[in-house]
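Numbering (our numbering), first residue to last: 272 to 485. A short write-up of the structure that comes next.
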Amino acid sequence: MMESMKKIFTFGLFWGVALFVFSLAFMVQIPQAKAGDQGGTIKGAVDSPYVSRFPALVYIDHVNESFPLPKENPHMSQKGMTFRPHILPVLKGSTVDFTNDDTVDHNVFSPPGSATPFNLGIYGTGVKRTETFNHLGEVPLLCSVHPEMSAFVIVLQNPYYALTDNAGTFEIKNVPAGTYQLKVWDEKVKGAPQQVTVEAGKTTSVEFKGLTRR
């Protein structure tokens with residue numbers, strides 16, 4: 272009889288503790304994002320006479336986070352005797368696909384002094400070659416077969432950037448709240464960085480004026 276009572280007590284104690292642990296786990300909820308925690312927007316314009324032909328790039332210099340690389344490689348094509356696109360912003364560590372989509376042989380190289388000097392050699396129609404960009408900064412692209420061709424890869428630390436439209440306007444969405452250095456990159460002109468403060472759910476306006484020749 273005493274042995275049976277011990278077993279009943281042990282069984283009851285086990286399930287009592289289990290029920291308490293389960294209830295405690297149910298009460299402790301995983302924190303959820305608040306409605307006001309969404310990012311803000313930076314929008315504005317770049318006063319450059321060249322944006323109607325080639326866009327300017329506006330980007331946040333640094334964000335205290337790490338960012339995953341895109342699932343698909345960024346792509347730079349050669350077609351119609353031009354690089355497409357003319358400016359390709361990529362995250363640091365990205366591997367870019369360079370494809371020859373033209374009817375003639377091409378080459379892709381970047382000269383000494385670039386953030387990533389490289390040379391893919393000469394290759395024919397339908398061929399793809401790749402290059403990985405592990406250093407921040409500007410990488411001019413040239414073709415040794417056709418010296419009139421040019422483009423740029425701009426290697427960035429974070430994905431908060433935008434290319435201007437033909438009127439020079441831009442918009443960067445979903446920027447985490449905080450204060451940042453906002454920079455502009457233009458093929459022909461340069462401008463001073465601006466400090467911007469982004470608030471969740473709000474829009475910050477910025478205008479880059481007084482740009483000077485590079």
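Built from N, CA and C at the ideal position, the CB exists for glycine as well.
**Request:** Could I get the ranges of all uninterrupted beta strand (DSSP E) runs contained in the segment 374-398, with 3 residues as the minimum, in chain order?
**Result:** Taking only runs of at least 3 residues, the beta strand (DSSP E) segments lying wholly in the segment 374-398 are 377-381, 389-394.
**Terminal residues of the beta strand (DSSP E) in which Val477 lies** = Per DSSP, Val477 is one residue of the beta strand (DSSP E) stretching across 474-479.
**Request:** Please report how far the alpha carbon of Ala471 lies from the alpha carbon of Ile425, in whole angstroms.
**Result:** Approximately 28 angstroms between the Cα atoms of the pair.
**Message:** Within the continuous beta strand (DSSP E) that includes Asp368, where are the two ends?
**Reply:** First-last of the beta strand (DSSP E) with Asp368: 365-371.
**Message:** So within the segment 339-364, which uninterrupted alpha helix (DSSP H) runs reach at least 4 residues, ignoring any that extend past its ends?
**Reply:** The qualifying runs do not exist here; there are none.
**Pairwise C-alpha distance: Phe441 and Ala316** = Cα to Cα, Ala316 sits roughly 6 angstroms from Phe441.
**Request:** Spell out the partners DSSP gives Glu442 in its beta bridges.
**Result:** DSSP lists Lys314 as partners of Glu442.
**Item:** Cβ shell of Ser385 (< 8 angstroms), same chain only, five flanking positions each side left out
**Value:** Within the same chain, Ser385 has close Cβ partners Gly408, Glu409, Val410, Pro411.
**Request:** Rounded to whole angstroms, what's the CA-CA distance from Pro345 to His377? Just pull it up for me.
**Result:** Near 19 angstroms, if we compare the C-alpha coordinates of His377 and Pro345.
**Message:** Here's the rule: buried if 16 or more other CB atoms are within 10 angstroms of the residue's CB, otherwise exposed. What is Ala463?
**Reply:** Counting Cβ neighbours within 10 Å, Ala463 comes out exposed, since fewer than 16 surround it.
**Neighbourhood of Leu444 by C-beta distance below 8 angstroms, restricted to the same chain and skipping five residues each side** = Residue 444 is actually Lys in this sequence, not Leu. Result list for Lys444: Gly310, Thr312, in chain order.
**Prompt:** So, is Val367 buried or exposed, given that buried needs 16 or more other C-beta atoms within 10 angstroms?
**Reply:** The residue is buried, with at least 16 neighbouring Cβ atoms inside 10 Å.
**Item:** At least 3 beta-carbon pairs within less than 8 angstroms: the segment 327-340 vs the segment 417-432
**Value:** Yes: the two stretches touch, three or more of their Cβ pairs being nearer than 8 angstroms.
**Message:** With the cut-off set at 8 angstroms, would you say Asp318 and Gln349 are in Cβ contact?
**Reply:** Going by C-beta atoms, Asp318 is not nearer than 8 angstroms to Gln349.
**Pro411, enclosing beta strand (DSSP E) - first and last residue** = In the DSSP annotation of this structure, the continuous segment of the beta strand (DSSP E) that includes Pro411 starts and ends at 408-413.
**Message:** Assuming Val460 and Tyr321 are in contact, meaning their beta carbons sit under 8 angstroms apart, how far apart are those beta carbons, in whole angstroms?
**Reply:** Confirmed, Cβ separation roughly 7 angstroms.
**Request:** State buried or exposed for Phe293, treating a residue as buried only when at least 16 other CB atoms are found within 10 Å of its CB.
**Result:** At Phe293 the pLDDT is 37, less than 50, meaning the model places this residue with poor confidence; the figure from the coordinates comes in the next sentence. Under this definition Phe293 is an exposed residue.
**Item:** Under the three-state DSSP convention, the category Val299 falls into
**Value:** In this prediction, Val299 has a pLDDT of 33, which is less than 50 and means its spatial position is unreliable; what the coordinates show is noted afterwards. The answer is coil: DSSP assigns Val299 none of H, G, I, E or B.
**Item:** Check whether Pro220 and Leu413 have beta carbons under 8 angstroms apart
**Value:** Coverage of the chain is limited to positions 272 through 485, which leaves residue 220 absent and any answer about it impossible.
**Item:** Where Thr435 falls: helix, strand or coil (DSSP)
**Value:** Coil.
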